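To convert, take the position in the sequence shown, counting from 1, and add 4; that gives our numbering. Every residue gets a Cβ at the ideal spot worked out from N, C-alpha and C, and that includes glycine. Computed from a prediction, not measured in an experiment: that's the story for all the values here.
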Amino acid sequence: MPTASWGVPGGAQSHGTAEPGARCRVWPSPGTVPPLSHPPPAPRCQQPPKMAEAHQAVAFQFTVTPEGLDFHLSREAVKQLYLAGISSWKKRFVRAKNSFLTGVYPASPSSWMVVVMATAGSFYCQVDPSMGLIARIRCFLPESQLLSYESRTVVSAVLFSTGVWLSAVLLFRQTMRLLLSYHGWMFEPHGKMSRSTKIWVVRACACASKRARVARGALAVPQRRWWWGRHRGHWGLVWGGGLAPAALPLTPSLCAGPAGADEGALRPQAPALQLPDLAAQAARAPRGGHHPQVPGVRAPADGRREVQQDGGSGQGVQGEDGPPAAEVPDPQVLVDHQLRERLVGAVHLPAWPQPAHGQQQLLRHGEGGGGATAPSPGRGRSLTNPAGGTPGAPSQPVPCPQDFLYVTPSHIQAARAGNVVHAILLYRRKLDRGEIPPMMALGIVPMCSYQSERMFNTTRIPGKETDTLLHLLDSKHLAVYHKGRFYKVWLYYGGQLLKPRDLELQFQRILDDPSPPQPGEERLAALTAGDRVPWAEARARFFSQGKNKVSLDAIERAAFFLTLDEEAHGYSADREDCMDTYAKSLLHGQCYDRWFDKSFTLVVYKNGKLGANAEHSWADAPIIGHLWEFMLATDKFQLGYTEGGHCVGDPDTRLAPPQRLQWDIPQECQATIESSYRVAKALADDVDFCCFQFSDFGKGLIKKCRTSPDAFIQISLQLAHFRDKGCFCLTYEASMTRLFREGRTETVRSCTSESTAFVRSMGDARQSRAERQRLFKLAAEKHQHMYRMAMTGAGIDRHLFCLYVVSRYLGVQSPFLAQVLSEPWRLSTSQTPQQQLKMFDLDKYPDHVSTGGGFGPVADDGYGVSYIIAGENLITFHISSKYSSPETDSKRFGRNIRQAMLDVAELFDVPAKKAGK
Numbered sequence: 005m006p007t008a009s010w011g012v013p014g015g016a017q018s019h020g021t022a023e024p025g026a027r028c029r030v031w032p033s034p035g036t037v038p039p040l041s042h043p044p045p046a047p048r049c050q051q052p053p054k055m056a057e058a059h060q061a062v063a064f065q066f067t068v069t070p071e072g073l074d075f076h077l078s079r080e081a082v083k084q085l086y087l088a089g090i091s092s093w094k095k096r097f098v099r100a101k102n103s104f105l106t107g108v109y110p111a112s113p114s115s116w117m118v119v120v121m122a123t124a125g126s127f128y129c130q131v132d133p134s135m136g137l138i139a140r141i142r143c144f145l146p147e148s149q150l151l152s153y154e155s156r157t158v159v160s161a162v163l164f165s166t167g168v169w170l171s172a173v174l175l176f177r178q179t180m181r182l183l184l185s186y187h188g189w190m191f192e193p194h195g196k197m198s199r200s201t202k203i204w205v206v207r208a209c210a211c212a213s214k215r216a217r218v219a220r221g222a223l224a225v226p227q228r229r230w231w232w233g234r235h236r237g238h239w240g241l242v243w244g245g246g247l248a249p250a251a252l253p254l255t256p257s258l259c260a261g262p263a264g265a266d267e268g269a270l271r272p273q274a275p276a277l278q279l280p281d282l283a284a285q286a287a288r289a290p291r292g293g294h295h296p297q298v299p300g301v302r303a304p305a306d307g308r309r310e311v312q313q314d315g316g317s318g319q320g321v322q323g324e325d326g327p328p329a330a331e332v333p334d335p336q337v338l339v340d341h342q343l344r345e346r347l348v349g350a351v352h353l354p355a356w357p358q359p360a361h362g363q364q365q366l367l368r369h370g371e372g373g374g375g376a377t378a379p380s381p382g383r384g385r386s387l388t389n390p391a392g393g394t395p396g397a398p399s400q401p402v403p404c405p406q407d408f409l410y411v412t413p414s415h416i417q418a419a420r421a422g423n424v425v426h427a428i429l430l431y432r433r434k435l436d437r438g439e440i441p442p443m444m445a446l447g448i449v450p451m452c453s454y455q456s457e458r459m460f461n462t463t464r465i466p467g468k469e470t471d472t473l474l475h476l477l478d479s480k481h482l483a484v485y486h487k488g489r490f491y492k493v494w495l496y497y498g499g500q501l502l503k504p505r506d507l508e509l510q511f512q513r514i515l516d517d518p519s520p521p522q523p524g525e526e527r528l529a530a531l532t533a534g535d536r537v538p539w540a541e542a543r544a545r546f547f548s549q550g551k552n553k554v555s556l557d558a559i560e561r562a563a564f565f566l567t568l569d570e571e572a573h574g575y576s577a578d579r580e581d582c583m584d585t586y587a588k589s590l591l592h593g594q595c596y597d598r599w600f601d602k603s604f605t606l607v608v609y610k611n612g613k614l615g616a617n618a619e620h621s622w623a624d625a626p627i628i629g630h631l632w633e634f635m636l637a638t639d640k641f642q643l644g645y646t647e648g649g650h651c652v653g654d655p656d657t658r659l660a661p662p663q664r665l666q667w668d669i670p671q672e673c674q675a676t677i678e679s680s681y682r683v684a685k686a687l688a689d690d691v692d693f694c695c696f697q698f699s700d701f702g703k704g705l706i707k708k709c710r711t712s713p714d715a716f717i718q719i720s721l722q723l724a725h726f727r728d729k730g731c732f733c734l735t736y737e738a739s740m741t742r743l744f745r746e747g748r749t750e751t752v753r754s755c756t757s758e759s760t761a762f763v764r765s766m767g768d769a770r771q772s773r774a775e776r777q778r779l780f781k782l783a784a785e786k787h788q789h790m791y792r793m794a795m796t797g798a799g800i801d802r803h804l805f806c807l808y809v810v811s812r813y814l815g816v817q818s819p820f821l822a823q824v825l826s827e828p829w830r831l832s833t834s835q836t837p838q839q840q841l842k843m844f845d846l847d848k849y850p851d852h853v854s855t856g857g858g859f860g861p862v863a864d865d866g867y868g869v870s871y872i873i874a875g876e877n878l879i880t881f882h883i884s885s886k887y888s889s890p891e892t893d894s895k896r897f898g899r900n901i902r903q904a905m906l907d908v909a910e911l912f913d914v915p916a917k918k919a920g921k
């Protein structure tokens, strides 16, 4: 029996058995995919869909007969394949062009021509600018009939000019690296600037240009990493600020590799961001206080370290004074002796973490994304616990972003999905072409955007020991889930991106499909929400071959994941808990209708509202927030809708319907799916979520109080938490470190001695208003200082975490690390950035505010708080906790936050203005 093998859209291979006389057809990308209904079991050759509006174009057709093969070609199909090939080569050309321009930044091919022409002009004027170097180069060129004396002179001049040009490029790059290594501007008092900062601003602005702002964020961002060096007379691990060259951060195809080859030569010359000396910093702390960067660690009179079990406030969580302190070894001794001896004895020790495998270590030990919420280790990831099971691995959660609060551009589900998917793909195209400039501080300091590399075409692959990230350079299809069924939707036709109206047609076909789910298909995605080891084992056993592998590849290799949800959510003035259920749905859904391993899942609800669920291992909240702002603004203000709510334009009825993914899930695999679902469902049902809008005032009033809005909110959270539980706790706030190459986050421990002093003064009737104002300003200044220290690489928690990773690798037991990193984060906070792009004026369109998103609690008896400062008069809070904890209540904590914000504002003479919504 002859066997036929043919290619299918997307580059996969499909194999089938052809009976004599049977016709086997191959459909090109993307307009010729199998029908929505299940294909017949025999013959195995796919048949074109029997739908009047779907006109298939057959690439080739052959018939097996006793006389031989009857082979036919289709001109239309060949045309589509030709256009798809042209589009693919265009993308490759753009990547190659960006790679070349990045490699010669800040110069350009035209500047090289200028240098060559200037050298040639000098020779014409009988002036040798090379001082004899061109003549020496000419002597080394071979003499031949093809290379005359004049030709060798020209070649020598070109080589000399190229060398001068490259030297200028390297000099400019080094200058930019040195300029961007200066962080003194961040610590300048408000409204004042020192002479050194003024000089730095002038020099930095002199190097700034429109083109430089696109590329500078990659080529000159300092790098933070561990390296083996000398510090204070001792050899050991140093957390350094190397100035290694990097690729253009907003061009994913150029960011996949490690740093440049000259990195090792530059690193010894770079200023090192060294591990702070705990004794020196503790000595500078107020008497009776605690370490300013590691609350909970204090230095007694004899110089030994003590670790308090209070989470860093100076007050015990179980009482006024807290349990007795435990003595632990000096951490400097740990670095200088134990680790040094083990490192010297190691023959092949990798420098941790190198860019090539730093992401792998984060997945293994700490900053891996957690299901619907945030960071967690590769093996301990859960649906709602972003901290996982690794001690001392706090990280910035990725909130689940929501739609416009008061506006819904279209209530038609398919139309809204068509517009937003097209807007997201436009963002991806800009990203591929390097057309999105990095975020800038002061308009001249770029933030590293390396994380954007894995925004699309990325999936987290489960493993028994550690998870890995699968990232593709390109993906031309989308994975869609609706009513327990999975679909594959092509995003291109004839080499062109599908228009919003065409995408609406495809999504409407999915919504109208009456076919039921296949056995085990409906809750298949629950595997990504449960424990990682069972998912890794099931994936290797049941999804490594056959139709299951083909369908799983279609999901994992998709650009992103789309869920057409059957529920309706959004803001409603008639429902008090409308925002709670909205946020909770985005957090975990039904536990089986989001593919939690994809970089992000776009959720479009039945009423046209939408949201997203982001996995955390690939990036932090500002990255997905950047995409979200672009998508919302493009959807509403650029693409738009018709009066009837549909996408603009006419659909192309030649498009074939989406392809229904096929599964063969045995009973044993279905049992594993149900087990993962029960685990995820138990976690999801335990989440107590509260989302509310604080509209009494916003950052407008806070700025009139002459303080930072973030510090104002963080101190209010401390006051609210003390009123809620009657104690202080170890508090985590995320601070970005994107001033450095491939920077992620650092921890700001918001519960300080200054903030606790202010909180206690609010409960002491003997304290005057002036004294409370003084204590508040001290607490706010301390918080701002700690935030700046964290941003500039002077934080402590990532250093401790890296020591933990190295100690685990070397088998070194450290009571200090074990104690400090085991303290629970009972209050985990994060601010969602707003208006990063400013594609529309929020003052002109105040109804188009977004409410950000929330994440799950880190500790079982703690709170997770995300807040977004939207406009001048609105702050949205997302609060999560667990029903199973008798100590927490999200709505109660929300009321305490609201009252704390009002009480702090009353300390100042600026009246609070009620916002309308």
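Unbroken alpha helix (DSSP H) runs of no fewer than 4 residues, entirely contained in the region 403 to 481, are found at 417 to 437, following chain order. When beta bridges are read from the DSSP output, Y736 appears opposite R753, S832.
Classified as exposed, H194 has fewer than 16 neighbouring CB atoms from the shown chains inside 10 Å of its CB. A straight-line Cα-Cα distance of about 49 Å links L477 and K781. Ranking G438, S171, Q84 by CA distance to the CA of F97 puts G438 first.
Under DSSP, the beta-bridge partners assigned to T880 are Q697, I872. Rounded to whole angstroms, the Cβ separation of A421 and F511 is 5 Å, and the two are in contact under 8 Å. Between the region 877 to 886 and the region 693 to 707 there are three or more inter-stretch CB-CB distances shorter than 8 Å, so the stretches are counted as touching. For L636, there is no enclosing beta strand (DSSP E); the enclosing alpha helix (DSSP H) covers residues 625 to 638.
Pairing D557 with Y485 gives a Cβ-Cβ distance that is not under 7 Å. In this model, A483 and P441 are separated by some 29 Å (Cα to Cα). For C651, the three-state secondary structure derived from DSSP is strand.
In the displayed model, A618 falls within a strand according to three-state DSSP.
Looking at L528, A863, F912, the one whose alpha-carbon comes closest to that of R489 is L528. Taking all protein chains in view, the Cβ of T69 is surrounded by fewer than 16 other Cβ atoms within 10 Å, so the residue is classified as exposed. Here H194 carries a coil assignment [DSSP, helix/strand/coil]. Taking C-alpha positions only, G107 is separated from P113 by approximately 11 Å. If you check the CB distance, A540 and Y681 do not come in under 7 Å.
By the C-beta criterion, the region 559 to 566 is judged not to be in contact with the region 681 to 693, since fewer than 3 inter-stretch pairs fall below 8 Å. Counted as a single uninterrupted DSSP element, the alpha helix (DSSP H) harbouring T201 occupies residues 199 to 210.
Excluding five sequence positions before and after R773, the CB atoms of its chain that fall closer than 7 Å to its own CB belong to L911, given in chain order. For K492, no alpha helix (DSSP H) run applies; the uninterrupted beta strand (DSSP E) run containing it begins and ends at 489 to 494, by DSSP. Looking at the DSSP output, R727 shares a beta bridge with no other residue. The alpha-carbon separation between D471 and M740 amounts to approximately 24 Å. In this structure, D639 keeps its C-beta atom at 7 Å or more from the C-beta atom of K886. Within 10 angstroms of the beta-carbon of Y153 lie fewer than 16 other beta-carbons, which makes it exposed.
Taken through DSSP and simplified to helix, strand or coil, F744 comes out as coil. Separation of W116 and H630 (C-alpha to C-alpha, rounded to the nearest whole angstrom) is 36 Å. Of the candidates D535, M635, E633, W622, D535 places its Cα closest to the Cα of C595.
Per the DSSP secondary-structure output, R664 pairs in a beta bridge with Y491. For T676, the uninterrupted alpha helix (DSSP H) run begins and ends at 671 to 689, by DSSP. Ranking A904, M190, R207, C404 by CA distance to the CA of N617 puts C404 first.
Cβ-Cβ separation between D624 and Q823: approximately 28 Å, too far for a contact (criterion under 8 Å). Beta-bridge analysis with DSSP links T605 to F565, N617. Going by beta carbons, Q406 and G524 fall outside the 7 Å limit. Residue nearest to F191 within the set K786, A427, S854 is K786 (criterion: CA-CA distance).
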